[in-house]
Amino acid sequence: MHLHDFVDGEIGADHTGSALREIILGHLARCPRCAQLERQLRAFRLRLHALGERLAERADERPTAEFVACMTRLLAG
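Residue numbers in the sequence shown follow my numbering, run continuously in steps of one, and reach 966 at the last position.
Structure, rendered in structure tokens:
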């Protein structure tokens, strides 16, 4: 499990996940570094969602080569 699983809501769906969710929340309450990372991941997720909505509105336009290269680098880690 990773912090992004928590941010994406993938942790907490079942009883075991719910216990794990509580552990993560407890850690985030005590660890400023991880809490900052969680905020950054949430902001990034919101930005990606907004970008997807804008692209869906302009579905007839093809993404630029620069955009494709940027997304490829992001997804590669």
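Idealized CB from N, CA, C, for every residue including glycine.
* Assumed close pair L917, C923 - CB separation to whole angstroms, cut-off 8 Å -> The residue given as residue 917 occupies position 28 in the sequence shown. The residue given as residue 923 occupies position 34 in the sequence shown. Indeed they touch by this definition, with Cβ atoms about 6 Å apart.
* Asked: Alpha carbon to alpha carbon, what distance is there between L963 and I900?
  -> Indexing the sequence shown from 1 puts residue 900 at position 11. Indexing the sequence shown from 1 puts residue 963 at position 74. Looking at the two C-alpha atoms, the distance is approximately 23 Å.
* Asked: Within this structure, are the beta carbons of L944 and I913 separated by less than 9 Å?
  -> Within the sequence shown, numbered from 1, the residue matching residue 944 stands at position 55. Within the sequence shown, numbered from 1, the residue matching residue 913 stands at position 24. No. Outside cutoff.
* **Contacts around L940, its chain only, beta-carbon distance under 6 Å, and the 5 residues preceding and following it disregarded** => On the sequence shown, residue 940 is found 51 positions in, with the first residue counted as 1. Counting only Cβ-Cβ distances below 6 Å, and skipping sequence neighbours, we find nothing.
* By Cβ distance below 8 Å, which residues in the same chain neighbour V896 in space, the five residues on each side in sequence not counted? -> Here residue 896 corresponds to residue number 7 of the sequence shown, with the count starting at 1. Excluding positions up to five away in sequence, the list reads E927, L930, R931, R934.
* Span of the alpha helix (DSSP H), counted from its first residue to its last, around P952 -> The sequence position of residue 952 within the sequence shown is 63, counting from 1. Taken as a continuous stretch (DSSP letters only), P952 belongs to no alpha helix (DSSP H), as it is neither H nor E.
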